[in-house]
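FYI, UniProt numbering numbers position 1128 of the sequence shown as 1128, with every residue one higher than the one before it.
Ideal Cβ positions, reconstructed from N, Cα and C, are used throughout, including at glycine.
For clarity, every value in this text was computed on a predicted model and none was experimentally measured.
First comes the structure, then the notes that go with it.
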Amino acid sequence: MKTKQLKAMEIIEFWRLIEFLNQKAFPIQNTEDRKVQLSKMEEINQNKLTIFEEVTDQQTIKEKIKDNEKLNEQLPITSSDFHIVVGRMQRKIIIDTLYQEFKGKETVENNAENIAIFALKVNSEGLYIKESLRLSPLLWGMTICCHYPDKLKTKLRLEEYYRTMAIIEAKFFPDDEDDNEVTADKLKEIFYYIVNVFIKKYVSTSSENYENYYNKMIYTRFKDQAEYDKHNDILEDHSELMTSFFQNDFELVLNNLNTEEGNYDFVNYVTSLHEESNHTKLEKQRKDIRQNDDLLKEILDPLNGPKGKWPSKYSPVLMQQVAINAYLQNEEKVFSVNGPPGTGKTTLLKELIAHNVVERAALLAEYKYADDAFDTKAFKDGGKKDGGYDNYNRRFYDFKDSSINDFSMLVASSNNAAVENITRELPDYEGLMGGIDSQETAEIKQLFDQRKQQTKLSFYVKTCDDMNKMKKRLVERNDVYFTVLAHLLKHNYDNIGNKELLDEWGLISAPLGKRANLSNYYYQVIEPIIQSITKVEEVNYKEFEKCKKDFKNQYQNVVNFQRFLHESTRINEKKRFKLEAIDRKIQHIYTESKKILNQIDYFNKEKMRYENEMNQYSPTIKQTYFQLEVEENKLLLLKKKTSILREQITEIAKEIMELEDQRKIHEIVLKRFFKTQRLLSLEELKSGLLSLQKDEKLEILVEQKQQEVISKQKNILFEQKMYKDKLENKFKKAHHKIFLYEKEIQKNRVRLRELREDAKNVELESQKEIKVLEQSGTIALGEAFFAKLHDKNTETQLEAQLANPWVTKEYDREREKLFYLALQVNKYFILTSKKVKSNLVNWGYLWKFKKNRDNEFCRFTDNDRRHCFKALLNTIFLVTPVISTTFASVSRFLVDIEEPESLGQLIIDEAGQATPQMAVGALWRFKKAIVVGDPKQVEPVVTDDVSLLMELFAREEFSWYKGKMISVQSFADSLNYIGSFLSSNDRSEKQWVGCPLVIHRRCLNPMFAISNELSYDNTMLYQTAAPKEAVEKSLVFQKSVWISVDGSEIGNKNHHVPDQARKAVTVVERAFEKQKGKADIYIISPFTSVIRGFVQEAKKSSTLKRYGNSLLDAWLDTHCGTVHKFQGKESGEVVFLLGCDASASGAVNWVNENIVNVAVTRAKYRLYVIGDAEIWRKNPSLLVVQNRLEIMRAAKQEIGNT
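Structure (C-alpha cells):
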C-alpha cells in the first residue's frame, strides 16, 4: 500500500474521531408531536408520533409504554428501539474545563446548549439492549485529556471509547444475569457512577447543573404495521449521542482504502494539506488566471464551451465562462470556483445543467427505442419469481452505455438554505421568463411559454376538491418538461386546475436526501409518471422520433456554429501564423541574399586575383618562348656543324676509298717497309677521318644535350600554358558564378516585394474578418481586449469583464433551442420506456413508498440494495437532472452505493462553510466535482469543545488539519491549478483561491466597497443595479450608517447591550411601518447572546405587537440570528448589531473579517451598524466599516432624522 494512501487513512481516522466527539445536543421533542402528545383531543390525525416521556419510580418502562390508552388504541405499534437519554449537562462546562486545564483563557461567549451524559436502548419489555450504552463522547474526551494528557495519541481513540463502554456495561448489565431490566433506580445508579468517575474529578466545583438527574425515554408509535415497516428502520437514533452523519462513510472509505489501491484523486483531496512536497508541486503548476492571457485564450475557445445554454437574454460574463469551460475541460476530479457574494454562482450552475442535459440527450437520441438503451439485471433475494420482489415487476435495468450516467448532477451543501435556494430558483417560471423577456429572445420565450406550448401532458394527481377532501383527478396542461409535476413537487396538493400559469416551468431539480423529501418526490412526481408511461404509446413514440430528429439537426447546427466560432478565435492566431511564416520567408531571403552577396564578393575577388595572375604570368611565358627559340637556334647550329663534319667525313672516306682502290699490290705488301706517297696520303686522310669522326661524336653528344635542354624548355612552356589555361577557366567560372548569383539577388528582390504584398493582404483579410465578427456582435479576444482587461481604470476593466469573447447572440439562441429540444428528448425517452417505468416502480418498493402486487412492503436485502441502487438512482437523475441534498443526508441517502466514482457530477455549494470531512462520502462516490464557495465568508462551524480537543490530540504532522478555517473549499482550492491570489487583513501571506468570479451584482455601496476592501483585495467589480423607486421609498433610512450606542453588556460572557438592542428595535419598528408588516430586514450579530437579547426586547415592542404575535414570532425566527444563519441569503436592509462593552475586548478582537464580510454583504441596499464606535475601532475589520460609513451618535441625534 502506498504511503500517501496510508496517510489518507490516518487523516480519515482523525476526522472520524472529530465527528464522534462532536456530540449532538440533548434531544428536544418537536412542537407538533408535543402538542399531540399533550392534547386532550380524542382523535389523533397522524400516522406516527414520537413520544418523549420520563422514566420514574412509579412505573416500569413496560407499564409506562402501555399506560396511555388513547395512544395504545390509535397508534398501537411501537418502534423496535426505545431510547433513554439521561442527564443534562451544559456544553460550556466541558469547554470551560478544557480551557482552564490547557489554555488558561476563556471562551468569548457561553454556549448554553445542553448535552446528554449517557444514553442506552431498551426493548418494549424494558430490557436493556446489549452494547447500546453510550457515554457522552465529549465527556469521555474531556476525561481522557485531563487524565492522560501525555498519552492522547493512544488513549483518545474510538477503540478505547468502546472498551470503556464494555467495562461500564459489564458493571451494570452483566452477561450472567437473565433479566437486565432497566429501571429508574438503575438509571440513577449509572448516572451517579458517571458523575463521580468522569465529572467530579475534573470539572470545577463552580460548574452547575451537571448533578441534576434528568431523563427522557424516546420512542415512536405507528398507526399500523405498514407505517412501522415504512419508517422504523430510518428513525433517528437518539441514544447514539455522537453525530453519526458521516461515520458510515468514513468506515466505507477506510475499508476500501485498506483492501485495495485507493482512488488517486480522492486520496489527493484528503492529503492535500498534509504533504509539503505536494504543496510545492501544486504551487509550481498554479496559473494565475488574472495574469495568464494565453491560458485565458485556451480556455475560452468555443470548442471548450457547452453546447447547451440556459435560456437568458444575457450570456455568462467573462470569468463565469472561464469557470464553466475550465470545469468542463478539467481532467482532475475536483475543480474549484471562488464565488464571493452576488457574483452569479447560480448562473454558472445553470450553464452546467444545460450542458449536461444536452450531452445526455445526445447519447439517448442514438437509440431507436428507449428500452434499447438498457441491460436487464436480476435481483437475487426477493423471494418472488426469479428472485424478484414482485412477481410482475421482478427485474431492474441499467444503462448499457455507462457514460449516460456521467451527466447526473447532485448539489450538496452543509447549508440547507443554500440547497433550498437552488432547488427553488432553477424551476422558477417567472424567473426564467423574466430572463428571456426581450425581442432578441422572443423565439426562445415562446418555447418555454406555458401558454404557447404545442404539446400537452396529462397526469393523475391528488388535489383538493371544494370540500377540502383529497381525490385523484386527471390534469392535462401544456408542458415544457413535466411542468405539472414540478409544480406539485413544490406545492403538494394545491388545486392547480384554476391556475393559468404554474409557478414552475419544469422538473429540472428536486430536493431529496431526507425521507420527507423523498416521500414527497415519489408521490408528486414518480407515481404520476409511472401511471403515464406507455399510456399513450403511439403518440409518445411519434413525439420521441420527432424530438430525436429535431434535436440531432439542431445539435449539428450548434456543432457547426461552434466550429465556425473556433475558426473565428483563430483570426488573430492565423494572422500571426501567416505573418510569422511570411517573416520567416523574408528573413530566409535576407539570410540567403547575404550569403549570395558574400559569394559574389568572394568570386569578384577571385576573378580579380585570377586576372592579376594571368597578367603577371604572360611575360614569363613570352620569356620561355624566347628562351626556347634561342635553344632551338643553338640546336640548329649544332646540327649544321655536325652535318658539315659528316660531309667532310664522307668526302675523306670517299678519297680514302679511291686511294685504296688505286694502291698496288706491292704497296700493300711492302707497306711496312716503305711508304709511298700514296700511302702517306692515305694515312694522312685516315688520320683526318678519325679526327673528324671523333669531332662528330662530340657534336652528337652536344646536340643530344641541347635537345634535352629544348625538351625541358618545352615542358616548362607546356606547364606554363596549362597553368594559364587553368587561370583563364577559373576566371571564366568566377565570372559565371557572379552572373548566376546576381540573377538570384534579382529574384530575391522580386520575392521580397511579393512577400511584403502578401503581408499587407493578410492584414487586410484579418481586418475584414474582425469587422464581420464585430458586426455580428462577437468580441474578439485580442490585444485590444487584453489591454482593457488589464487597464488600471476599473470602468475599463468592467467593460472587459462583462464581455463573453467569441460568443454571439445568435450562437446563444441556437444553444438555448438545443437545451429545449434536449429536454424533449429526455422527456419522451422516459415516457416511452417500460424499463424506466420498472425502475421507478422498484424505487418505490425500495423506499417502501409502494407495495408490491401482493400488497406487501418489500424488504430488500443489503446485497440486492447495493446491486440495484445505482441503476435506480440514475433513473431518478434521468427524470430530474439535478438532485439536491445536504451533506448530513448524503450518507443515508447513498448508503447502498459503495464503489468509488459510481455516479456522475457533484456540485458542492457554499463549500467554504463545510468542514473537509463532510464531503468525504460524496467525493468518494462521484467521478467529478465542482466546488463553489468563498473562503472569505463564514468558516465551518466547529464548536469550541471539539476545536480544543482537536488541538490537543492532533499529531504534529496533521497540524494543518486542526484549523477552524479549513473547509471543503480550501481543500479544493489547494488542488486547483487555475485560480488567483488574494490578500487578507487577517493574514500576512496571500491566499490562493480557485477560479475567481469578480462581477458583483447584489450590494450597493458602501457594502460593496467594504467587502471589496476587506476581503477581496479590491479585485471585485461593481455592477449592482439601483433599487426601484418603490423599494427606495420603503427603506428605513436614506443611506447606510453606523449608529454609535454605548452602554453596558449583561456580563458573564453575555454580550447583549440593552441600549443597543432597543435602538435596533426602533429601526425594525420603522421597517415594519414603512413595509406594512413585511419587513425585509435582517438583524445579524456575531454573538448568540446579543440576538437572544434583541429578541426579548423586540417582543416587548407594542409597535411590533400590533402586527400580531404569530407574524412577529415568525419574523424573529427567520430574520434574526448570527452570521452563520444567513450565509447564502440576502435582504434589502441589515442591522449589524454588535453588542459588547469595554470589558469584552477578547470578544471584540474575536470578530474576524469573514464574519464582517458576510454580515455586510447580506444587505442589498442599506447597512445599519449598531455598536459602540470607540470600542469597535480597535477591531481592524470593523475599522474598515467605520471608514466607509457616517457615524451617528444616537444619544445626540434622533435616528428618525437620519
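- In this structure, DSSP gives residue 691 a helical state, which the three-state scheme calls helix.
- When DSSP states are grouped into helix, strand and coil, residue 1177 belongs to the coil group.
- Residue ranges of uninterrupted beta strand (DSSP E) with 3 or more members, entirely inside the stretch 15 to 74 and ordered along the chain, are 48 to 53.
- The stretch 545 to 557 makes no contact with the stretch 734 to 743: fewer than 3 CB pairs, one atom from each, lie closer than 8 Å.
- Annotated three-state conformation of residue 875 is helix, per DSSP.
- In its chain, beyond the 5 residues on either side, 1034 have a beta carbon closer than 6 Å to the beta carbon of residue 1074.
- Taken through DSSP and simplified to helix, strand or coil, residue 999 comes out as strand.
- Secondary structure of residue 1056 (DSSP, three-state): coil.
- If you draw a 10 Å sphere on the C-beta of residue 1106, you find fewer than 16 other C-beta atoms in it, and that means exposed.
- The stretch 678 to 750 contains no complete alpha helix (DSSP H) run of 4 or more residues.
- Membership of residue 943 in any beta strand (DSSP E) is not indicated, and neither H nor E is assigned to it by DSSP.
- Below 8 Å, enough C-beta pairs join the stretch 863 to 875 and the stretch 390 to 397 to call them touching: three or more.
- Rounded to whole angstroms, residue 428 and residue 501 show a C-alpha spacing of 12 Å.
- For residue 30, the closest alpha carbon among the candidates 220, 258, 1096 and 1039 is that of 220.
- Looking at 1049, 383, 705 and 451, the one whose alpha-carbon comes closest to that of residue 1172 is 1049.
- Between residue 344 and residue 1001, the C-beta gap is smaller than 8 Å, which places the two residues in contact.
- Put simply, the backbone Cα of residue 781 is about 29 Å away from that of residue 1013.
- Secondary structure at residue 298: helix, using DSSP grouped into helix, strand and coil.
- In terms of Cβ geometry, residue 246 and residue 917 form a close pair [threshold 8 Å].
- Taken through DSSP and simplified to helix, strand or coil, residue 319 comes out as helix.
- Nearest C-alpha to residue 1103 among 86, 1077 and 1088: 1077.
- The C-beta distance from residue 529 to residue 879 rounds to 7 Å, short enough to meet the 8 Å contact threshold.
- If you look at residue 1124, you'll find it in the alpha helix (DSSP H) that goes 1123 to 1126.
- At a Cβ-Cβ threshold of 8 Å, residue 613 and residue 727 count as neighbours.
- Nearest neighbour of residue 655 by Cα position, chosen from 644, 678, 635 and 643, turns out to be 678.
- In the structure shown, the three-state DSSP call for residue 961 is helix.
- Residue environment analysis places residue 1087 among the buried positions, since at least 16 neighbouring C-beta atoms fall within 10 angstroms of its C-beta.
- If you draw a straight line from the Cα of residue 730 to the Cα of residue 700, it comes to about 44 Å.
- Sixteen is the threshold: since fewer than 16 other Cβ atoms of the shown chains lie within 10 Å of the Cβ of residue 470, the residue is exposed.
- One Cα belongs to residue 810, the other to residue 776, and the distance between them is close to 8 Å.
- For the 8 Å CB-CB criterion, residue 202 and residue 88 do not form a contact.
- Checking the DSSP bridge columns, you'll see residue 806 has no partner listed.
- For residue 234, the number of other beta carbons within 10 angstroms of its own is below 16, and it is reported as exposed.
- Cβ-Cβ separation between residue 318 and residue 882: approximately 25 Å, too far for a contact (criterion under 8 Å).
- Straight-line measurement puts the Cα of residue 503 at about 7 Å from the Cα of residue 430.
- Straight across, the Cα-Cα distance linking residue 518 with residue 511 is about 8 Å.
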